[in-house]
Structure formats: C-alpha cells, structure tokens
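Enquirer: Protein chains in written order, with our numbering: chain V, 256 to 391; chain D, 4 to 135.
(1) Measure the alpha-carbon distance for residue 23 of chain D versus residue 276 of chain V and round it to whole angstroms.
(2) CB residue 306 of chain V to CB residue 271 of chain V, shorter than 8 Å?
(3) Under a CB-based cut-off of 8 Å, is residue 317 of chain V close to chain D?
(4) List, in order along the chain, the chain D residues whose C-beta lies closer than 8 Å to that of residue 349 of chain V?
(5) Would you check if the distance between the CB atom of residue 88 of chain D and the CB atom of residue 31 of chain D is smaller than 8 Å?
(6) Check distances from the C-beta atoms of the region 359-376 of chain V to those of chain D and list, in chain order, the residues that come in under 9 Å.
(7) Use the C-beta contact count for residue 280 of chain V: other C-beta atoms within 10 angstroms, 16 or more gives buried, fewer gives exposed.
(8) Residues in its own chain within less than 6 Å of residue 134 of chain D by CB, not counting five upstream and five downstream?
(9) Between the beta-carbon of residue 125 of chain D and the beta-carbon of residue 378 of chain V, is there less than 8 Å?
(10) Using DSSP's beta-bridge definition, name the partner residues of residue 376 of chain V.
(11) Helix or strand or just coil, what does DSSP make of residue 65 of chain D?
(12) List, in order along the chain, the chain V residues whose C-beta lies closer than 8 Å to that of residue 59 of chain D?
(13) Going along the chain, which residues of its own chain have a beta-carbon closer than 6 Å to the beta-carbon of residue 28 of chain D, five neighbours each way excluded?
(14) Could you check whether the Cβ of residue 327 of chain V sits closer than 8 Å to any Cβ belonging to chain D?
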C-alpha cells in the first residue's frame, strides 16, 4: 500500500490527502507564488490528480494567470493547491499545508530569477532561473 | 534612507492595497506552525508597523481569528495573506512583506519560532549593510 499523507488549511474547513509517489518536490520563488501566499517562497509537492483526495470542504479557486488555478480556503485564506494547463492531469499542493511537511524535502529551487535578494536558501540544492519540465 | 518614504503593497488579484510610511520597520522571519498554515508557505517574513503607520487604500480585508486575540487579514478573492494583528501588541500591524510591491526592501534581521522550523528550511539571514 502506498503511503498516504493528509493536510489542510489553518481553520480546518478544507482537508485533503495525497497518495505517494509524488512526481516532484520543489521550492518556487516566482513573484506570483510570493503574492499568492504572502510568504517569500513556496514549496510544492506534485501528484497525479487521481492521487489527490478531498476529505473535507473544497478550496475556492482563483485564476491567477490564463490556465492557472490556485486553490485557497475561503474561510481562513490558506493557499492549498495549484493546477496549471502546463501540467495536465496534475495537482500541486503547498507542502507547508501537509500535517507532516518534513516528509517531502524539496530537491530543487525554481524561478530563482524572481528570488527575493534577502531570501537566501542555504541548502545546496540546484537553482533554476525558470522552471524545469517537472518542477512546480 | 529617507524615513518618510511611502511603501505600497497588496494581494495577488489587486482587490486589496495598502500603504505605510514612517521609520523603517523591524523585519523578521517566522517559522511558527500557525503562520505556515495561514499562508501555505514554509516560512514567512513580516515588517512590524507601529500604530498609525499602516492604512488600507483599497478593498476590505477578511479576517480570521487564528488564536484568541489574534486576527489575520487575507483577500477573500485570491487568498493572499497580508496582515497579522494581536491584542498584546495593540494597534500594531504586522505585514507579510512578500506582499510589498518591492519585497526586497526590508531584509529580516531576526527569526522567531525557530524551534518550529520545517527541517528542510535553511535560510541565511543577510548581514545588514549600514545598520548598527
């Protein structure tokens, strides 16, 4: 049986589960993600849509760019999900909303061209100025 | 640095906008579980504004009381987390600095709740040039 991980928003109205294996785990520095969360960088775990299960509630959706749908909790504001036409059939969940975010260490930094100068990761991971074929 | 320069920021969709001016604020990183869940980000950064410094200029924030005496402001159209206010720091507004139009302006100089840091988050605080 594949490992299952649960997560959700701050107020608990929206809960989900994802089933391993994940397609990737990454940290994104793009300006849109900074604005979407309010944090200096975001981390994502990507899975096939069929490996995502809605347990309670449902994220509200904001279309941040054409073909990009960002899910958040309408009651408390937590950013939860990202789906983009560039990644058909996938859903990317914000790693920090997992009950155990330590389970998915990122392996790459994406969109570091947008990185905030003072936000300097000290982890030795590869940095991509944009995105890779399998990065969130 | 000019002390009266105004700074502006807002949410992803633009429904909420704010500004502040006055002396350069204290800036910090927070690793606490509540801040991480409020945003969805693995670590967050704040600028702490004194009473009277901060004003909304567009839209109306939605507030969530994440703990007794604490309210967090966010945009109910796009989900962006913007502000933190606590009764034990009356009339202060702590702004999530990634929502500033120029988020690079206020490098954090302190870290809070390091004991709650996600193990894979490794961030080096930058030395502050020209600061005491």
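Where a beta carbon is used, it is the ideal one built from N, C-alpha and C, also for glycine.
Expert: Per the coordinate set shown:
(1) 45 Å
(2) no
(3) yes
(4) 43, 44
(5) no
(6) 359, 360, 361, 371, 372, 373, 374, 375, 376
(7) buried
(8) For residue 134 of chain D, the predicted model reports a pLDDT of 47, less than 50, meaning its position is unreliable; a value from the coordinates is still stated below. Closer than 6 Å at Cβ, skipping near neighbours: no residue.
(9) It is a contact, given that the beta carbons lie within the stated cut-off.
(10) D:126
(11) strand
(12) Those do not exist, as residue 59 of chain D stays about 15 Å from chain V at its closest Cβ, beyond 8 Å.
(13) 50, 51, 52
(14) So, interface residue.
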